[in-house]
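Residue numbers (mature numbering (1 follows the signal peptide of the UniProt record, and there is no 0)): -31 to -1, 1 to 413.
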C-alpha cells in the first residue's frame, strides 16, 4: 500500500527524532572525561557516599528528636460509641491533649550525645568522600598512564619489528649468527607480553571507572591536561601526629566516643533524680450515653492540666543500662585511640614510600633522558657519519636498538610515575587534602 508524501515525511521526522538519543549516546560514549568530571560523577553515583549522607540525615534527626522533647505535642482523638450499664470509659466525642518534658537531668547529656553523633556522621561522610575520590583519581591516572604506555609500546614494537627484519636479512646472508635474530625476536615477544598486561590493566581501570561514575566502560578516554600537578609533601615526620589527628576517620571515631560518653552520663543521671513533665487535656463528652444516670454532676466540657513528677528510687534495669552505656563509651574511646595510632603509622609509612618512589622516579627520568641523548647521537651519526677518521660507522641495527632502548626507558619512567602517584593519592586521602587537589583540577 502506497503512503502519501506527507505521511511519509511525518514518519521520517518521527524516526529522526527517535534516533537523536541514540546519536547522543554514541557521541557521549566516545567523549573524553576530565578528572574533575569523573570524580564528581563518582561521588554522585557512589552507594557508600549515599549511605553516609543518609547517616548524616539520621543523626540530624536524632538531634532534633532529643531537643524536641521540650516542645509540647498535640494529639486529637475520639472515643465515641454506644454504652450500656455502668460506665467503663469516657464517652468523649473528641479530645485534645498535649504533653512535653519540663525537667530532666539526663536530657541535656542526650542532646550533647546526639550532637556529637552528628559530628561523627559528618566526619565519616567526609572520610567516605575522600575514599571515593582517591579511588576514582587513582583509576583515572592509571588509565591515563596505561594509554601513554600502550602508545609507547606500539612505537617500540615497530622499531623491534624493523630490527627483526634486519637481523633476518643478515642471518640469511651469513653475516650475523642466528643468536642475534633470536634476541631480537625475544625482545619483540616481551613487548607483546607487556602490551597484553597493559591492555588488560587499562580495561580493568575502565570497568572500575564505569562502576564508579555510571558511564559506559567502552571507549572511556582520559584528558591528560585535566590532571593538576601533584602537591609538594613535607619530608618531616614531625607533623604526622598532628595530621593523623586531623584525619576525618580519626575525627569520626573521636566524636563517636564522645557521643557514647555523653549517653552513658545521661543514663547514669536517670537514677535518683526527678523527672518533670507537663500535660493538659480537653475532652468533649457525649450526652446521649447513660453517664448522667450514674454521675450527679456530669458535664460535656472537661479540662485538666498539671505537672507530673517521677523519682526513680530503685530501677535495676536502668542501672544495668547505665553500666552498659559506660562500657560502650570505654570501648569507643579505645577504638578512637587505636584508629589514631594506626592512621599515624600509615601516614609515616606512606610518607617514606613517597620519598623513596620520588627518588626512583628521578632515577628513571634520568635514565630516560640519557637514552634520548644517546638516540640523538646515534641519529646524527647515521645521518652525518661519526665525524672521526677511521671511526666505526653506526649500523642500522644499532640505530633500531637505540630507538628500542629509548622507548624502554620511557616506559620504565611511566611505571615509576604510576607507583609514585598511587602513593601520593593515598597520602592525600589520609591528610584530607584529596578534595582540595581534585577541585584544583577544575581550574587547571
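Even glycine gets a Cβ: it sits at the ideal position worked out from N, Cα and C.
Rounded Cβ spacing between residue i and residue j (contact assumed at less than 8 Å)
i           : j           : result
residue 231 : residue 78  : 5 Å
residue 17  : residue 97  : 5 Å
residue 385 : residue 329 : 5 Å
residue 366 : residue 135 : 6 Å
residue 248 : residue 75  : That belief does not hold up - the Cβ atoms of residue 248 and residue 75 are roughly 19 Å apart, past 8 Å.
Spatially closest choice to residue i from the options, by CA coordinates
i           : options               : result
residue 153 : 132, 336, 161 and 162 : 132
residue 46  : 63, 236, 282 and 53   : 63
residue 316 : 202, 19 and 113       : 202
residue 403 : 217, 117, 282 and 239 : 217
residue 401 : 177, 93 and 16        : 93
residue 270 : 3, 19, 60 and 87      : 60
residue 53  : 265, 260 and 74       : 260
residue 405 : 125, 37, 138 and 199  : 199
residue 5   : 192, 50 and 74        : 192
residue 195 : 258, 2, 392 and 156   : 2
residue 87  : 225, 147, 158 and 323 : 225
residue 91  : 306, 102, 26 and 283  : 26
residue 50  : 258, 364, 343 and 337 : 258
Endpoints, the alpha helix (DSSP H) within which residue i is located
i           : result
residue 96  : 76 to 141
residue 220 : 217 to 237
residue 389 : 365 to 400
residue 277 : Counting along the chain, residue 277 falls outside any alpha helix (DSSP H), though it belongs to the beta strand (DSSP E) covering 270 to 279.
residue 54  : Element bounds for residue 54: n/a, residue is neither H nor E.
residue 321 : 285 to 353
C-alpha gap between residue i and residue j, whole angstroms
i           : j           : result
residue 368 : residue 361 : 13 Å
residue 85  : residue 23  : 16 Å
residue 170 : residue 398 : 23 Å
residue 39  : residue 68  : 9 Å
residue 395 : residue 349 : 44 Å
residue 410 : residue 110 : 13 Å
residue 239 : residue 35  : 15 Å
residue 182 : residue 220 : 28 Å
residue 389 : residue 300 : 37 Å
residue 302 : residue 310 : 13 Å
residue 100 : residue 287 : 40 Å
residue 223 : residue 81  : 14 Å
residue 352 : residue 374 : 19 Å
residue 126 : residue 372 : 10 Å
residue 105 : residue 72  : 51 Å
residue 341 : residue 128 : 15 Å
residue 262 : residue 33  : 48 Å
residue 312 : residue 347 : 51 Å
residue 55  : residue 272 : 23 Å
residue -5  : residue 102 : Note that residue -5 scores 42 on pLDDT, short of 50, meaning its location in the model is unreliable and no value can be drawn from it.
residue 295 : residue 20  : 28 Å
residue 254 : residue 37  : 31 Å
Endpoints, the beta strand (DSSP E) within which residue i is located
i           : result
residue 248 : 244 to 254
residue 68  : 61 to 73
Sub-8 Å separation of residue i and residue j beta-carbons
i           : j           : result
residue 8   : residue 407 : yes
residue 243 : residue 274 : no
residue 228 : residue 89  : yes
residue 277 : residue 246 : yes
residue 289 : residue 237 : no
residue 184 : residue 10  : yes
residue 122 : residue 175 : no
residue 391 : residue 15  : no
residue 334 : residue 382 : yes
residue 112 : residue 70  : no
residue 31  : residue 250 : no
residue 58  : residue 48  : yes
residue 157 : residue 137 : no
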